[in-house]
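To keep things clear, I will list the structure first and then write my remarks on it.
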Amino acid sequence: MTDSLDIKNPLLWIMDMLVYAENNYYQIYVFSDFFEESIENINDQRYLILWKIFEDMIYNEKFYKIGEVIFESENKEYLNNDWTLMSKDKKWNSARLKLRGYLGLIANKELRRKVFGF
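Going by the numbering used here, the letters in the sequence shown line up with residues 419 to 536, in that order.
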């Protein structure tokens, strides 16, 4: 990764990632406090790098293959089963857990400070 990211429209970039995550992994949400903090620091390279890591995760081919089990194979608009009836193994597959865990890590200021230094 380079020392700095040249993102032309950081807010649009972040929003596109969040839409992609929702469409491809289902119920992957960023914590509102961290989202607001990101917007306040929209040109801070440290925040952009955190979002770049998230981007690398959601577009990772292995994650995608693992995460897609919750959708019908022929139509990604429909869940494979009703969310409340879906098996825990599918609902809490490793890709979704890692994405949710990462979003939890970066939203938790104390943990983020320990791991990323800010």
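Beta carbons: idealized from backbone N, C-alpha and C, even for Gly.
With H, G and I counted as helix, E and B as strand and the rest as coil, what does DSSP make of residue 448?
Working through the sequence shown from its first residue, we reach residue 448 at position 30. The answer is coil: DSSP assigns residue 448 none of H, G, I, E or B.
For residue 534 and residue 455, I'd like the C-alpha separation in whole angstroms.
Locating residue 534 in the sequence shown gives position 116, where the first residue counts as 1. Locating residue 455 in the sequence shown gives position 37, where the first residue counts as 1. Roughly 15 Å separates the two Cα atoms.
Pull up the CB-CB distance for residue 517 and residue 523, whole angstroms please, since I reckon it's below 8 Å.
Translated into positions along the sequence shown, residue 517 becomes position 99. Translated into positions along the sequence shown, residue 523 becomes position 105. Not a contact, Cβ separation roughly 11 Å.
Starting from the Cα of residue 425, find the closest Cα among 463, 482, 509 and 450 and give me that residue.
Here residue 425 refers to the residue found at position 7 of the sequence shown. Considering only alpha carbons, the answer is 463.
Let me know the secondary structure DSSP gives residue 532 once reduced to three states.
As a working note, residue 532 is residue 114 in the sequence shown. In this structure, residue 532 counts as helix in the three-state DSSP scheme.
Over what stretch of residues does the alpha helix (DSSP H) that includes residue 441 continue unbroken?
Along the sequence shown, read from residue 1 onward, the residue named residue 441 stands at position 23. Where residue 441 is concerned, the enclosing alpha helix (DSSP H) stretches over 428 to 443.
Do residue 472 and residue 435 have their C-beta atoms within less than 8 Å of each other?
Residue mapping note: residue 472 aligns to position 54 of the sequence shown, counting from 1. Residue mapping note: residue 435 aligns to position 17 of the sequence shown, counting from 1. Using a Cβ distance threshold of 8 Å, residue 472 and residue 435 count as a contacting pair.
What residues in its chain sit with their C-beta under 7 Å from that of residue 559, if we drop five residues either side in the sequence?
Residue coverage of the chain in this structure runs from 419 to 536, which leaves residue 559 outside it and unanswerable.
Provide the residue span of the alpha helix (DSSP H) that contains residue 504, from first to last.
Here residue 504 corresponds to residue number 86 of the sequence shown, with the count starting at 1. Element bounds for residue 504: n/a, residue is neither H nor E.
Determine whether the beta carbon atoms of residue 429 and residue 467 lie at a separation below 8 Å.
Along the sequence shown, read from residue 1 onward, the residue named residue 429 stands at position 11. Along the sequence shown, read from residue 1 onward, the residue named residue 467 stands at position 49. When the beta-carbon positions are compared, residue 429 and residue 467 stay at least 8 Å from each other.
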